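In the numbering used here, the protein residues as written are -15 to 381.
Below, the structure written as structure tokens:
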């Protein structure tokens, strides 16, 4: 977030907000006081940060949580929604709202405030809550998980059904939201992918890579990331004498200690911890591939932001993610897809390490795919057209 210290990497909603403000629109971006990545509170109470005359960020008060899935996090979601309800009546009414889902609690609070006042609300499905909770359980326990999370399921259905429009990062995500809402997709629904500004300017010199094949992973070190298969693949490579095929892991999270222990003794695996945007830029310039090992079903319906971030840096993507990601990498030849198996992943890396021309072509394709599909202006102009149409339709029913 721009309100955090250092040069921060904006994610999809933050990028869109900044882009809209740069186009002259008046933007209020609501977030929480909780910094999810650094596990800290930005402020002890609801605080407004003036970024520009036409752009402000409102951090809504919510309690601290330290684990990704925890009772405290659910309480934080309720806190943030309550903070919005308390503040919203004192604010000018917007022309249109794009509300990120999750959280259901904040989306519901936004709908409760905006619908009676005639303000159209589009809900943007970013994650597939509560489905992801059941899918994290062992297969025999998933039916019990569905029952346990039924109250969350019913809330999700009711909230999504109230939206004037639904959106998502992919068409599949948009269709998922429509199914939750109990209807077919309609004309007001839309989807826009995660976008990025080009990380390295055209024509800018790249820093020399280290010899060999260098792979980076950028992201949260959690149980959902499936980093175990990536680490195991690089351990196999080290055992086979391919120590010049290296993995750099950048990030922190609940699973960091366990992952470091799993990688112990592998000289071709380097943990860098949490890095700021400038440090990440350097890692990407030193890399040949970006790793995306996610394999949980909820990732199959989306193209995660990390995938686009790698492409923005001209890096082909190494992934075992089914669905949208596999279709992109295989269909556009901008990366390497393997099953979530360490031996197959290691074999694929050994092969590409001996094919410098193929790697060069994949890098060129990755940069082209980014420009054609995920470049910021292309993506956000389309999303803005949909929001303007939604506002006009609601204003002139």
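Glycine included, every Cβ here is placed at the ideal spot set by N, Cα and C.
Please read all numbers here as calculations on a predicted model, not as lab measurements.
Under DSSP, residue 94 shares a beta bridge with no residue. Secondary structure at residue 304: coil, using DSSP grouped into helix, strand and coil. A check of alpha carbon separations from residue 374 across 106, 52, 95, 37 identifies 106 as the nearest. For residue 291, the uninterrupted alpha helix (DSSP H) segment begins and ends at 289 to 296.
Residue pairing by DSSP leaves residue 217 without any beta bridge partner. Closest in alpha carbon position to residue 221, among 196, 235, 234, is 196. Counting along the chain, residue 32 sits inside the beta strand (DSSP E) bounded by residues 31 to 36. For residue 66 and residue 87, the gap between their C-alpha atoms comes out near 12 Å. Only exposed fits residue 54, as fewer than 16 other CB atoms lie within 10 angstroms of its CB. Cβ-Cβ distances below 7 Å link residue 327 to 220 in the same chain, with the five nearest sequence neighbours on each side left out; the list follows chain order. Annotated as proximal: residue 277 and residue 211, with beta-carbon spacing under 8 Å. Looking at the backbone, the Cα of residue 333 and that of residue 112 are separated by about 31 Å. Here the C-alpha atom of residue 36 lies approximately 52 Å from the C-alpha atom of residue 124. In this structure, the beta-carbon distance from residue 233 to residue 264 does not fall below 8 Å. Annotation: the stretch 100 to 141 contains the following complete segments of the beta strand (DSSP E) (minimum length 3 residues), in chain order: 105 to 109. Nearest to residue -6 by alpha-carbon distance, out of 360, 376, 320, is 360. Put simply, the backbone Cα of residue 158 is about 43 Å away from that of residue 226. Counting along the chain, the unbroken beta strand (DSSP E) around residue 85 starts and ends at 81 to 85. Counting only the Cα atoms, residue 71 lies some 17 Å from residue 47.
When rounded, the separation of the alpha-carbon atoms in residue 271 and residue 58 is 38 Å.
Taking residue 305 as reference, the option from 292, 321, 316 with the minimal CA-CA separation is 321. Residue 347 and residue 205 have their C-alpha atoms some 26 Å from each other. Rounded to the nearest whole angstrom, the CA to CA distance from residue 291 to residue 244 is 23 Å. Using a C-beta cut-off of 8 Å, the stretch 349 to 364 makes no contact with the stretch 86 to 104, since fewer than three inter-stretch Cβ pairs fall below that distance.
Here residue 359 is bridged, per DSSP, to 180. In this structure, the CA atom of residue 85 is about 12 Å from the CA atom of residue 61. According to DSSP, residue 39 shares a beta bridge with 11, 36.
In the structure shown, residue 253 falls within a strand segment according to DSSP collapsed to helix, strand and coil.
Straight-line spacing of the CA atoms in residue 288 and residue 203 works out to 11 Å.
A distance of 8 Å or more separates the beta carbons of residue 296 and residue 0. Pairing residue 43 with residue 31 gives a Cβ-Cβ distance under 8 Å. Assignment of residue 280 by DSSP, reduced to helix, strand and coil, places it in the coil class.
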